[in-house]
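So the first sequence is numbered by this note's numbering: it starts at 3 and just counts up by one. Quick reminder that beta carbons are idealized off the backbone N, C-alpha and C, glycines included. Keep in mind the model is a prediction, meaning the values are calculated, not measured. Everything below concerns the one structure shown next.
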Amino acid sequence: MDKLLKPYNPQETEDRVYKLWEDSGFFNPDICIKKGVTSPSAEAFSIVLPPPNVTGTLHIGHAMMLVIEDIMVRFHRMRGYKTLWIPGTDHAALATQSKVEEIMFKKDGKTRHDFSREDFLKEVEKFAQEKHDTIVGQIKKMGSSTDWSREAYTLDDARNLAVRTAFKKMYDDKIIYQGHRIVNWDAKLQTTVSDDEIDWKEETIPFYYLKYGPFVIGTSRPETKFGDKYVVMHPDDARYTQHKHGDTFELEWINGPITATVIKDKAVDMEFGTGVMTITPFHDNADFEIAERHSLDKEQIIDWNGKLLPVAGDFAGLYIKKARPLIVARLQEKNLVEKVDEKYTHNVAINSRGGAVIEPQIKKQWFVSVNKKFTLADSKIAGIKSGQEITLKELMKHVVESHQVEIIPERFERVYYNWIDNLRDWCISRQIWFGHRIPVWHKGKELYCGLEAPSNADAPDGTSDGWEQDPDTLDTWFSSGLWTFSTLGWPNETDDFKTYHPTNVLETGYDIIFFWVARMILMSGYLLGDVPFKKVYLHGLVLDAKGAKMSKSVGNIIDPLTMIEKYGTDATRLSLIIGTSPGNDSKMSEDKIRAYKNFANKIWNATRFVLTNLDGFDPAILPELTEDDRKDLAELEDITKEITEDIENYRFYLAGEKLYHYFWHTFADKIIEKNKARLSGVQANATEKAAGEKASAQYVLFTILKRSLILLHPFIPFVTEEIWSLMPYNKNSLLMVEPWPTKEK
RNA sequence: GCGCGAUUAGCUCAGUUGGUAGAGCAGAUCAUUUACACUGAUAAGGUCGGGGGUUCGAGUCCCUCAUCGCGCACCA
Numbered sequence: 003m004d005k006l007l008k009p010y011n012p013q014e015t016e017d018r019v020y021k022l023w024e025d026s027g028f029f030n031p032d033i034c035i036k037k038g039v040t041s042p043s044a045e046a047f048s049i050v051l052p053p054p055n056v057t058g059t060l061h062i063g064h065a066m067m068l069v070i071e072d073i074m075v076r077f078h079r080m081r082g083y084k085t086l087w088i089p090g091t092d093h094a095a096l097a098t099q100s101k102v103e104e105i106m107f108k109k110d111g112k113t114r115h116d117f118s119r120e121d122f123l124k125e126v127e128k129f130a131q132e133k134h135d136t137i138v139g140q141i142k143k144m145g146s147s148t149d150w151s152r153e154a155y156t157l158d159d160a161r162n163l164a165v166r167t168a169f170k171k172m173y174d175d176k177i178i179y180q181g182h183r184i185v186n187w188d189a190k191l192q193t194t195v196s197d198d199e200i201d202w203k204e205e206t207i208p209f210y211y212l213k214y215g216p217f218v219i220g221t222s223r224p225e226t227k228f229g230d231k232y233v234v235m236h237p238d239d240a241r242y243t244q245h246k247h248g249d250t251f252e253l254e255w256i257n258g259p260i261t262a263t264v265i266k267d268k269a270v271d272m273e274f275g276t277g278v279m280t281i282t283p284f285h286d287n288a289d290f291e292i293a294e295r296h297s298l299d300k301e302q303i304i305d306w307n308g309k310l311l312p313v314a315g316d317f318a319g320l321y322i323k324k325a326r327p328l329i330v331a332r333l334q335e336k337n338l339v340e341k342v343d344e345k346y347t348h349n350v351a352i353n354s355r356g357g358a359v360i361e362p363q364i365k366k367q368w369f370v371s372v373n374k375k376f377t378l379a380d381s382k383i384a385g386i387k388s389g390q391e392i393t394l395k396e397l398m399k400h401v402v403e404s405h406q407v408e409i410i411p412e413r414f415e416r417v418y419y420n421w422i423d424n425l426r427d428w429c430i431s432r433q434i435w436f437g438h439r440i441p442v443w444h445k446g447k448e449l450y451c452g453l454e455a456p457s458n459a460d461a462p463d464g465t466s467d468g469w470e471q472d473p474d475t476l477d478t479w480f481s482s483g484l485w486t487f488s489t490l491g492w493p494n495e496t497d498d499f500k501t502y503h504p505t506n507v508l509e510t511g512y513d514i515i516f517f518w519v520a521r522m523i524l525m526s527g528y529l530l531g532d533v534p535f536k537k538v539y540l541h542g543l544v545l546d547a548k549g550a551k552m553s554k555s556v557g558n559i560i561d562p563l564t565m566i567e568k569y570g571t572d573a574t575r576l577s578l579i580i581g582t583s584p585g586n587d588s589k590m591s592e593d594k595i596r597a598y599k600n601f602a603n604k605i606w607n608a609t610r611f612v613l614t615n616l617d618g619f620d621p622a623i624l625p626e627l628t629e630d631d632r633k634d635l636a637e638l639e640d641i642t643k644e645i646t647e648d649i650e651n652y653r654f655y656l657a658g659e660k661l662y663h664y665f666w667h668t669f670a671d672k673i674i675e676k677n678k679a680r681l682s683g684v685q686a687n688a689t690e691k692a693a694g695e696k697a698s699a700q701y702v703l704f705t706i707l708k709r710s711l712i713l714l715h716p717f718i719p720f721v722t723e724e725i726w727s728l729m730p731y732n733k734n735s736l737l738m739v740e741p742w743p744t745k746e747k
């Protein structure tokens, strides 16, 4: 009780309280049942933590995610649900590997090729482990009530089994196939990346009009033109009706005479340039498709390191960037340049993980087909029958359209459909070492896909019989896509899986809807014939006070740990909830956090006042209440109902604000103030009446304080739990498992 | 090009099914041996981006324009 005499000190409270929660075991629903806190027959409420990448530390956006999820989890736990929140981390394949390579290169000037695959992976794993430990510490600092006994990692053994199982099923169904297709090639990292991993950067460069036989063609990339022997125009273009599809003609080109063929294709934009172009099918997706339609040759011009191949003649072996001005000079010498447009603005593709320019290349890769029909053997999805034929694209669209997966806010459904409609087959193989190895083995032209290697691993000599595993690893999102059920023990039919899947809510940032949300729907739909979650709650970005994106280079980062040190976790949590709404970006400032620190102290002081005025109070006796008392208590019931509904309907920002306002400006400013006189007995003349007034005042204040602590707990768990431990008449229990004061629906 | 969002008090934002505008912060004035200065009280502050429409009634629904921001696609 002496503790209350000083201002609230989050620094000496929070770690101790978290330890108390952890030791209680109540983060684990099994223990809640065992200890009688949760009924064995209670309904389940489960969410997965979007696993943070083991590439760095948590930022303020992660902090927001943890707060929103913790509010949902604590609320449901208090309401008596069998509540499970599984934590974990993501190996983030390419992001982590490129980070380690970057550090290695800066430190020792080494690349991964200076190591064996095994030794390099040891380095990456060491790095990942360090980051993992930091991240876990940060998650705890935020007060997250995650069940650590079930912690998972996207690259651990259990998840690897899930990945191999998923891959094999898709392979057997021919949903996964190997094909020569245009991929996004990063010559620096020597790997493919998916369409979603690309950033587009605007660039202004010259645009050249080149004489190509009787035509003039436009190009911004003269260095790719060596092998261009097809000239393409729109079949309806009146300017070129004298040229027929299939006509051939001789022309003088960069390195001498060549024979060109006329191709008519509707993909050509008549309005752009001269309406005529040559194509480079090996290094451009649109050109590739034209070549496919007309069965044209495809020749590689640029090699895997970004250098020109022998087809470039004198320019062979040069990096394209160096070659470009030289080639332009050659073209000018040969009088092949009709004109140059100096300022042409276009977008360049950049790998978002590492920054190198993407060169489209044709490469044999593993793909997930989104348009191939397969039979969904066992469907739990309404509107799709077991045994029905369907494509992944249709499946992904159906569950959202039929609202079996509901997205909050709703407008993101359109964003989701837009992405689905543009979706192409998903390139899942990566030429990097860190990640899940593809469970396919090669022996000459033979191919084997299985959960284990085809060779007898127990053979006495221990040697393989010529089978070699595919060297590639999987896109990190392949394993993330399984997260809602791989964390529950799938492919084993565990109790956890039966109890907690599908999960109730997926809470994540809207920037990750394609990478992750869509892939989870894909994987769950295909492998389980079910949805991975019933609701998707999308939060926005956390921007700085001026509305700018936080970034290290700009130096406007607000680090959650620093804020926690200065103002406490509760204050940081409230500032991340109030004034933010789903799907919208929000602004964060230190002032805002400071304001909520004051709120924590306000609760502390109000408690001090109430508890120091409880002499002679017996909570078991219901005193005679005045009409005013009854009004105050009725208002408490109203606010309880409102807060409950707000949380149920994902309006956390409203609930937080209402509680803040109610506690401070109704309870503290009005109700406490008007009861002060009654407590000291100055209002009544008769002693007997004074005693009655005092008992009523005590009852009202104690009741409201106690209830407020319960309602506030999901938002600011530390200060409320700490005060709860100081409250008389309710020893032996933690606030985190105190029943929520409304009836189950 | 296709799509989405925002525009409400000086600043940041609420306003959940249409019923004569609401909070925090900042600023103003006052209070001070108070549970709490990490305080309280009071007052001030808005033609809800412009225009049009539906309606008895619009910040809220519809159309249109403007400005800012974002996503997707991407053409040689």
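(Q) I'd like to know whether the C-beta atoms of residue 369 and residue 428 end up nearer to each other than 8 Å. (A) Against a cut-off of 8 Å, the Cβ pair of residue 428 and residue 369 comes out as a contact.
Q | Rounded separation between residue 695 and residue 21 - CA only | A | If I take the Cα positions, the gap works out to 41 Å.
Q. Beta-carbon separation of residue 325 and residue 190 under 8 Å?
A. For residue 325 and residue 190, no; Cβs fall outside 8 Å.
Q.
So if DSSP puts residue 390 in a beta bridge, which residue, or which two residues, is it bridged to?
A. The partner list for residue 390 (beta bridge, DSSP) reads 378.
Q. Excluding sequence positions up to five away, which residues of its chain have a Cβ less than 7 Å from the Cβ of residue 654?
A. Taken in chain order, the residues that qualify are 70, 73 and 579.
Q. If you draw a straight line from the C-alpha of residue 344 to the C-alpha of residue 162, how long is it?
A. Distance between the alpha carbons of residue 344 and residue 162: 52 Å.
Q: Please classify residue 747: does DSSP put it in a helix, a strand, or coil?
A: A caution first: residue 747 carries a pLDDT of 41, below 50, which makes its placement in the model unreliable, though a value can still be read off. The DSSP-derived three-state label of residue 747 is coil.
Q | Whole beta strand (DSSP E) elements within the stretch 208 to 267, 3-residue minimum | A | Runs found: 217 to 221, 232 to 235, 250 to 255 and 258 to 266.
**Q.** 8 Å Cβ cutoff met for residue 261 and residue 219
**A.** Their beta carbons are not under 8 Å apart, which means residue 261 does not touch residue 219 by this criterion.
**Q.** Exposure label - residue 55; buried when at least 16 CB within 10 Å
**A.** Residue 55 is buried by the Cβ-count criterion.
Q | residue 98 vs residue 57 beta-carbon contact at 8 Å | A | Yes, the Cβ-Cβ distance between residue 98 and residue 57 is below 8 Å.
**Q.** Identified DSSP bridge partners for residue 442
**A.** Paired residues: 451.
Q.
DSSP three-state label for residue 507, please.
A. Three-state DSSP puts residue 507 in a strand.
Q | Residues that DSSP places opposite residue 50 in a beta bridge | A | In the DSSP assignment, residue 50 is bridged to 88.
Q) Taking the runs of the beta strand (DSSP E) that are 3 residues or longer, which of them lie wholly in the stretch 266 to 300? A) Restricting attention to beta strand (DSSP E) runs no shorter than 3 residues, the stretch 266 to 300 encloses them at 278 to 280, ordered along the chain.
Q. Near residue 19, which residues of its chain fall below 7 Å by C-beta distance, leaving aside the five closest residues on each side in sequence?
A. Residues 720, 723 and 724 of the same chain have their beta carbon placed closer than 7 Å to that of residue 19, with the five preceding and five following residues left out of the count.
Q: Alpha carbon to alpha carbon, how far is residue 560 from residue 61? Give it in angstroms, no decimals.
A: Going from the Cα of residue 61 to the Cα of residue 560 covers about 8 Å.
**Q.** Buried or exposed by the 16-neighbour rule on C-beta atoms within 10 Å, applied to residue 634
**A.** Under this definition residue 634 is a buried residue.
Q: Give me whichever residues DSSP pairs with residue 312 in a beta bridge.
A: Its beta-bridge partners do not exist; DSSP assigns none.
Q) Could you give the distance in angstroms between the alpha-carbon of residue 478 and the alpha-carbon of residue 432? A) Note on geometry: alpha-carbon atoms of residue 478 and residue 432 lie some 9 Å from one another.
Q) From residue 225 to residue 270, what distance separates their C-alpha atoms? A) Residue 225 and residue 270 have their C-alpha atoms some 21 Å from each other.
(Q) Ignoring anything shorter than 3 residues, give me the beta strand (DSSP E) runs that lie fully in the stretch 137 to 200, in order along the chain. (A) If we require 3 residues or more, the beta strand (DSSP E) runs fully inside the stretch 137 to 200 come out as 178 to 188 and 193 to 195.
Q | Of the listed residues 75, 595 and 95, nearest to residue 649 (C-alpha basis) | A | When 75, 595 and 95 are compared, the shortest CA-CA separation from residue 649 is found for 75.
Q.
Could you compute how far the alpha carbon of residue 173 sits from the alpha carbon of residue 166?
A. Spanning the two alpha carbons is a distance of roughly 10 Å.
Q.
Using a Cβ-Cβ cutoff of less than 6 Å, which residues in the same chain neighbour residue 659 once the five nearest sequence positions on both sides are dropped?
A. The beta carbon of residue 659 lies closer than 6 Å to those of 580 in the same chain, with the five residues before and after it left out.
Q.
Once the 5 residues before and after residue 483 are set aside, which same chain residues still bring their CB inside 7 Å of it?
A. Excluding five sequence positions before and after residue 483, the CB atoms of its chain that fall closer than 7 Å to its own CB belong to 521, 522, 524 and 525, given in chain order.
Q) Between which two residues does the beta strand (DSSP E) harbouring residue 57 extend? A) Per DSSP, residue 57 belongs to no beta strand (DSSP E) and is neither H nor E.
Q. Can you name the start and end residues of the alpha helix (DSSP H) that residue 322 belongs to?
A. Here the alpha helix (DSSP H) through residue 322 covers 322 to 335.
Q) Per DSSP, residue 545 is paired with what? A) DSSP, once it has assigned bridges, lists 551 and 589 as partnering residue 545.
Q: Check whether the stretch 526 to 537 touches the stretch 507 to 514, counting contact only when three or more Cβ pairs, one atom from each stretch, lie closer than 8 Å.
A: Per the Cβ contact rule, the stretch 526 to 537 is in contact with the stretch 507 to 514 (3 or more Cβ pairs under 8 Å).
Q.
Helix, strand or coil for residue 362? Go by DSSP, reduced to three states.
A. It is a strand residue.
Q. For the 8 Å Cβ check, are there 3 or more pairs between the stretch 666 to 680 and the stretch 728 to 739?
A. Too few Cβ pairs lie closer than 8 Å, so no.
Q: Keeping to the same chain, check which residues put their C-beta closer than 6 Å to that of residue 35; ignore five residues upstream and five downstream.
A: Excluding positions up to five away in sequence, the list reads 42.
**Q.** Rounded Cβ spacing between residue 1 and residue 24 (contact assumed at less than 8 Å)
**A.** The structure shown has nothing for residue 1, since the chain only spans 3 to 747.
**Q.** Whether residue 670 touches residue 604 by CB criterion (8 Å)
**A.** Yes. Within cutoff.
Q: May I ask you to verify whether the stretch 244 to 254 touches the stretch 364 to 379, counting CB pairs closer than 8 Å and requiring at least 3?
A: Touching, no, given that fewer than three Cβ pairs across the two stretches are closer than 8 Å.
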